[in-house]
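2 protein chains.
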Amino acid sequence: MISKVVALLDAFGPTTPELSLGDLARITGLPVSTTYRLATELVEWGGLERADRAGYRIGMRLWELGTLAPRGGALREVALPFMQDLFEATHENVHLAVRDGLEALYVDTISGHESVRTRSRRGGRLPLHATGVGKVLLAHAPPEVLAAVVDGGMRRYTPYTMVAPGHLRRALAEVRRHGVAYAREEITLGSLSVAAPVQGADGAVVAALGLVLTRGRGDLRRLAPAVRTAAISTSRALQRHARLTESS
Amino acid sequence: MISKVVALLDAFGPTTPELSLGDLARITGLPVSTTYRLATELVEWGGLERADRAGYRIGMRLWELGTLAPRGGALREVALPFMQDLFEATHENVHLAVRDGLEALYVDTISGHESVRTRSRRGGRLPLHATGVGKVLLAHAPPEVLAAVVDGGMRRYTPYTMVAPGHLRRALAEVRRHGVAYAREEITLGSLSVAAPVQGADGAVVAALGLVLTRGRGDLRRLAPAVRTAAISTSRALQRHARLTESS
DNA sequence: GAATCGTTCTCGCTCAGTGAGAGCTGCGAC
DNA sequence: GTCGCAGCTCTCACTGAGCGAGAACGATTC
Chain W
49 MISKVVALLD AFGPTTPELS LGDLARITGL PVSTTYRLAT ELVEWGGLER
99 ADRAGYRIGM RLWELGTLAP RGGALREVAL PFMQDLFEAT HENVHLAVRD
149 GLEALYVDTI SGHESVRTRS RRGGRLPLHA TGVGKVLLAH APPEVLAAVV
199 DGGMRRYTPY TMVAPGHLRR ALAEVRRHGV AYAREEITLG SLSVAAPVQG
249 ADGAVVAALG LVLTRGRGDL RRLAPAVRTA AISTSRALQR HARLTESS
Chain Z
49 MISKVVALLD AFGPTTPELS LGDLARITGL PVSTTYRLAT ELVEWGGLER
99 ADRAGYRIGM RLWELGTLAP RGGALREVAL PFMQDLFEAT HENVHLAVRD
149 GLEALYVDTI SGHESVRTRS RRGGRLPLHA TGVGKVLLAH APPEVLAAVV
199 DGGMRRYTPY TMVAPGHLRR ALAEVRRHGV AYAREEITLG SLSVAAPVQG
249 ADGAVVAALG LVLTRGRGDL RRLAPAVRTA AISTSRALQR HARLTESS
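Protein sequence lines correspond, in order, to chains W and Z. For what it's worth, our numbering labels the leading residue of the first sequence as 49, then goes sequentially. For what it's worth, our numbering labels the leading residue of the second sequence as 49, then goes sequentially.
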């Protein structure tokens, strides 16, 4: 069972990038000597790092392995030029997300100085039902994913969050029909978003590309064509990329 | 011992992003059933991914953990604006690397369409003795690192590669004295580079920032001040970032 | 339908991993 | 300088979690 190693690695998070031995033992529930032994082995491999008697941090070997994740690194490298194009064209926040379980996982974001601060962050997760990219991903997920989201209950973030299952189903049908999703102040008051699907080599939706802006700064519907264009270009580039890596 | 899990993860590389069960067993030397069991557990955690009976790939949980590595993600986020500035100013390849063991590990690179193709790649590794960023990192490493590089033998990549220990030591002393390192066709014929150190909160050199260009395109020495400026700006931003994260 | 290869799954066996506790280190108070 | 405390490091007797051979299953090719 790899559960002890997994527990150690899962102890780290965006707000806890560095943890002492005692922290790790407390968080994981493992005995201190077990924690020490496993952490030392992870340091020897490079998965964790530690300066003399300082706290443990995620090491470069895990960073390196992370760059090998096709749905992280490769997707992002292929999508980045189109995200930059979309940013140049709109000067709004650009997000690229994939579905991971029952959440939207943000693979990359581009923000300018004048862009509104958003809750999304590279490596961060947000719910599927309340974000633009999330709705795109949910609309194109297997039916059991939507069932699990509905069964697990949908949290209300603002008065506008869609929490009625029927309402959500109808909205997702609209997303599939029109190829674009909107979220109006559903995750954060004042924030609007529009997102479109990114397809992989086999036509399956592998990611969503979206814009987030402040209410009053622009017309979501007028921005939709630009988002869809960037998403379609990304899809095409992914298909070319797949052919290149297959023939390697 | 985490060695079996580590062996499985180490099987993946830039040229092998997807591996079958049989591939994994062969590469790691583990029995097929052991490989199957451990790989299934990694999939359940999210460290690996697998579509139906398809190959295994690095999963988003490892990508996510990788984003938590301070020497990867945080360093890169802080350095990125200065790398972009340097790229805008010079239109040459910009590299950010850290020392990992006895190699330079590339945290990020920026290239333009007109930039020369380089051997370095985000997540890639190159030797310390034959690259600009590598010499910076080696010049500021503990003495035992240089000893290990020298004892391990230094590979010659071109007729200009510095492989004499005495020659390298003198070059590294120059790097420390002038705060900048050069590599002239030492890793690739036709490629020149200039790099400068990036310091962390305590003044220790934590990374190197460098430019790579084609022989004949520009004067390395005239580019050095721009590289040093970007490196100093990055150092200062890192120090500010460290104070922010400490007070969290 | 048979052969082959790759994958999945079971379960008897055993040794690799466990974790209590002793020892060590660093720090602050007095 | 000494003492107490907290955190960390290390050892080793013990045992049950992990191991992996081999049977069963599925896909592909002939």
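Backbone N, C-alpha and C define an ideal beta-carbon position, used for all residues, glycine too.
Does DSSP classify Y208 (chain Z) as helix, strand or coil?
coil
Kindly indicate the opening and closing residues of the beta strand (DSSP E) around T157 (chain W).
E151 to I158
With distances taken between CB atoms, is the gap from V275 (chain W) to G264 (chain W) smaller than 8 Å?
no
In the DSSP assignment, find the unbroken beta strand (DSSP E) run with P245 (chain W) in it and report its ends.
S239 to Q247
Listing by chain order, which chain Z residues have their CB less than 8 Å from the CB of M108 (chain W)?
A117, R119, G120, V146, D148 and L153
For Q287 (chain W), which residues in the same chain have their Cβ closer than 6 Å to its Cβ, ignoring the five residues on either side in sequence?
A249
Would the stretch 211-222 of chain Z and the stretch 176-187 of chain Z be scored as touching if the rule is three or more Cβ pairs under 8 Å?
yes
Run through DSSP, which three-state label would T76 (chain W) get?
helix
Below-8 Å beta-carbon distance, I50 (chain Z) vs any chain W residue
yes
Delimiting residues of the beta strand (DSSP E) encompassing P175 (chain Z)
R173 to P175
For R232 (chain W), tell me which candidate among W:R225, W:R74 and W:A178 has the shortest Cα-Cα distance.
W:A178
Below 8 Å on the Cβ atoms is my guess for W93 (chain W) versus R109 (chain W); work out the distance and round it to an integer in Å.
6 Å
CB contact flag (V155 (chain W), A255 (chain W), <8 Å):
yes
If we define contact as Cβ-Cβ less than 8 Å, is V54 (chain Z) a contact residue for chain W?
yes
So if DSSP puts Y230 (chain W) in a beta bridge, which residue, or which two residues, is it bridged to?
W:V242
Please state whether DSSP places S296 (chain Z) in a helix, a strand or coil.
Note that S296 (chain Z) scores a pLDDT of 36, beneath 50, so its modelled location is shaky and nothing firm can be said.
As assigned by DSSP and simplified to three states, the class of A102 (chain Z):
coil
Suppose you measure from the CA of G61 (chain Z) to the CA of S241 (chain Z); what does that come to, to the nearest Å?
27 Å
Would you decide whether Y208 (chain W) is buried or exposed? Buried here means 16 or more other CB atoms lie within 10 Å of its CB.
exposed
Could you give the distance in angstroms between the alpha-carbon of V211 (chain W) and the alpha-carbon of L220 (chain W)?
13 Å
I'd like to know if S68 (chain W) contacts chain Z, where contact means its C-beta is closer than 8 Å to some C-beta of that chain.
no
Identity of the residue in Z:T262, Z:A252 and Z:L113 nearest V146 (chain Z) by Cα
Z:A252
So is P62 (chain W) in contact with chain Z if we call contact Cβ pairs under 8 Å?
yes
By the three-class DSSP mapping on this structure, what secondary structure does A137 (chain Z) have?
helix
Selected residue, minimal CA-CA separation from E222 (chain W), among W:G238, W:R204, W:A187 and W:V142
W:A187
Look at the Cβ atom of G114 (chain W), then the Cβ atom of L113 (chain Z), and state whether they are nearer than 8 Å.
yes
Considering only residues of the same chain and omitting the five flanking positions on each side of G200 (chain W), which have a CB-CB separation below 7 Å?
L150
Could you check the C-alpha separation between R98 (chain Z) and V91 (chain Z) for me, to the nearest Å?
7 Å
Hey, would you say L69 (chain W) sits closer than 8 Å to A87 (chain W), going by beta carbons?
yes
Check whether chain W comes within 8 Å of P191 (chain Z), counting only Cβ atoms and requiring the distance to be less than that.
no
What residues match up with T64 (chain Z) in a beta bridge as DSSP calls it?
Z:G61
Strictly below 7 Å CB to CB, what residues from chain W border R170 (chain Z)?
T115
E136 (chain Z) touches chain W at which residues, Cβ-Cβ below 8 Å?
Those do not exist, as E136 (chain Z) stays about 13 Å from chain W at its closest Cβ, beyond 8 Å.
Under 8 Å between beta-carbons, which chain W residues line up against L90 (chain Z)? List them in chain order, please.
I50
Neighbourhood of L153 (chain Z) by C-beta distance below 8 Å, restricted to the same chain and skipping five residues each side
A145, V146, R147, G171, G172 and R173
Selected residue, minimal CA-CA separation from T76 (chain W), among W:E140, W:A59, W:L67 and W:E89
W:A59
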